[in-house]
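Note that numbering that gives the first Met the number 0 gives residue 371 to position 372 of the sequence shown, counting from 1, and the numbers run on in steps of one.
Following: one structure in structure tokens, then a few remarks.
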Amino acid sequence: MAARVRRRKNKLVLWIVSVTLLLFLVPALTVLTIFLRYRASEKAIGEQPPLIMENAWYYNGLTRKEQLLYEAILAGIETMSTQTELLPYRYSEKEFTRVSEAIDRDCPKLFYLDVPAFVCCTDGFKSYAELAYRFTSEELAQRTMELEAIAAAASAYATACESEFDKEVALHDFLVGIAVYEGGTADTAASAYDALVKKQAGSLGYAKALKLLFDRNGIESIIVEGRAAGERHHWNIVSIDGQHTHLDASWNDGDIERVNVPFHGYFNLTDSEMSLDHTLSGGWKWPACTENINYYTLKGLRTASISQLETIAYDRIRDTMAKGESFLEVYPEFSTESDAIRLLMLDAVDRLRAEGVDLLRAIRVYECSQTNAAMTIQIFYNSDKPALPSAGDSENSGS
């Protein structure tokens, strides 16, 4: 009898142990299986080469795994979804930040995204992104129409340009001509819509607006990040005839007095020229900008000596007047005080006045406030109202 009781107890203990093992082993094996599949999936995606997308420099710099999240976010944006599809990978904070930044920089037309509010969520070994928008679908439709109208006007402004460089100049001048630069933090008024429609933006807004216009007119460009004047700052690296170069439209429009004043001090600079007052950052491998395709070089506006500038000043002012304009640009490659250039230009004005030309004896010199020698000279007519100077402009000095 006692032996029979012991056998029953042993069977019960064995059954309890077996059930306990099953309760723990089955979930453990399931988790292990999922983990091994996840590791295999991560390894497989890690071995896949990234794809290449036209006009999407940041996308092209992502891993294939990061590109899949980029694509999922774009797919969600198309329908203004607040959540992307579930992806079979886990994304680190660094990976998610890179993807969010890539979309923000590659797609300036998506001005309605609230990228800082994007969140990456993990469900086991899978991930998805939560998306946020600045406008309702109704508000977006109206704002998109406004942006499209301005972008179309810019494209029409550049349609007659034959070279990429001329088109680059036209689109840049269009933007600088309608927008006012709002200095300060780089995130202030930071969309293409702010720059082109609201006509007031920070450096990121200028860079996005310029990329949007370039994208629509067949010019490759990148929005880059760095520091300038001790602050976070954005500008563009542009590809002109296959050569990369720096272009900072916001600093070409860096003073409210320069509204509608042509200035190209930061137009197509090399790395060494740009590094004098701009520093790249952000952890991306930027294209090298080494070729001299500077605005003043291609326009033939550089002067090697003050005697050369003295020789051409008279003709340059006459050419400016013949075109019905009030501004001419110069780039002295020699070291001299700007007052000497003012006096030289006034001498040329005096020669023209002696010939009966309808000019005031007055000029204004707009100088680059940073490190290069770019200058814009304004001349004033006696009878042309748009060019009449305001109080103080008739003095023989500039601001």
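The beta carbon of each residue, even a glycine, is placed where N, CA and C say it ideally should be.
Note that the structure is a prediction, hence the values are computed from the model and not measured.
Whether residue i touches residue j by CB criterion (8 Å)
i    : j    : result
A373 : H263 : yes
K166 : I218 : yes
D252 : W234 : no
T335 : I305 : yes
E224 : S280 : yes
D357 : N381 : yes
L300 : V260 : no
L308 : L275 : no
K210 : P286 : no
Sheet register partners of residue i (DSSP bridge)
i    : result
P331 : T302
I362 : I378
E219 : S238
C288 : Partner(s): none; C288 has no beta bridge.
K125 : D122
G225 : H232 and L279
Q199 : V179
T244 : V237
Q141 : Paired residue(s): none; Q141 is not in a bridge.
L308 : According to DSSP, which records beta bridges pairwise, L308 is partnered with nothing at all.
F326 : Q377
F266 : L246
L112 : Y132
L86  : S126
Minimum C-alpha distance to residue i - residue among the options
i    : options                   : result
F326 : N54, D214, N291 and Y365  : Y365
I362 : L345, Q66, C120 and Y111  : L345
S337 : T375, G204, G355 and R63  : T375
F213 : D172, Q47, K197 and G182  : D172
V98  : T62, E46, D122 and F110   : T62
A116 : N381, Y132 and K322       : Y132
L85  : P49, L109 and F124        : F124
G282 : R315, K93, G201 and K322  : K93
Y180 : V114, A200 and T319       : A200
E137 : M79, V329 and A55         : M79
G229 : S249, T278 and Q242       : T278
Q377 : E77, E354 and R317        : R317
T310 : E324, H232, K322 and I340 : I340
G323 : F379, Q47, L67 and W250   : F379
V175 : G182, C119 and S249       : S249
N216 : A151, R231, G182 and S202 : A151
E77  : L139, E46 and C119        : L139
Anticipated Cβ contact below 8 Å, residue i with residue j, distance rounded
i    : j    : result
S126 : Y90  : 5 Å
N267 : T244 : 4 Å
A227 : A208 : Rounded, the Cβ-Cβ distance is 18 Å, inconsistent with contact.
L130 : T81  : 6 Å
I239 : I221 : Between I221 and I239 the Cβ distance is about 13 Å, and since that is not below 8 Å, they are no contact.
A191 : F110 : 5 Å
A347 : Y313 : 4 Å
Neighbourhood of residue i by C-beta, 6 Å cutoff - its chain only, sequence neighbours within 5 removed
i    : result
Y57  : A101, R104 and D105
T83  : A71, I72, G75, Y127 and A128
I177 : K198
A169 : Y156, A157 and C160
I51  : N59
G204 : A188, A189, S190, D193 and A194
R315 : L327
M320 : none
N54  : D214
S398 : Reliability fails at S398, whose pLDDT of 32 lies under 50, so the model's placement of it is uncertain and the value that follows must be treated cautiously. Nothing meets the Cβ criterion.
Y265 : D247, W250 and N251
S202 : A185, H232, H233 and S249
Cut-off 7 Å between Cβ atoms - residues of its own chain near residue i, not counting five sequence neighbours on either side
i    : result
T289 : T269 and D270
S393 : In this prediction, S393 scores a pLDDT of 35, lower than 50, which makes its location untrustworthy; the coordinate-derived value is nonetheless stated afterwards. Here the set comprises L359 and A361.
A153 : L170, F173 and L212
E65  : E94, R97 and V98
L28  : Because the pLDDT at L28 is just 49, under 50, the model does not fix this residue reliably, and the point stays unresolved.
Q242 : E290 and I292
E163 : I218, I239 and D240
F134 : Y111 and R142
P48  : R63
T121 : R89
Beta-carbon contacts of residue i that lie in its chain and below 8 Å, excluding the five residues immediately before and after
i    : result
V196 : R142, E145, L146 and I149
L35  : In this prediction, L35 scores a pLDDT of 49, lower than 50, which makes its location untrustworthy; the coordinate-derived value is nonetheless stated afterwards. Contacts found: none.
K284 : G60
L31  : Note on L31: pLDDT 45, under 50, position unreliable in the model; no value is reported.
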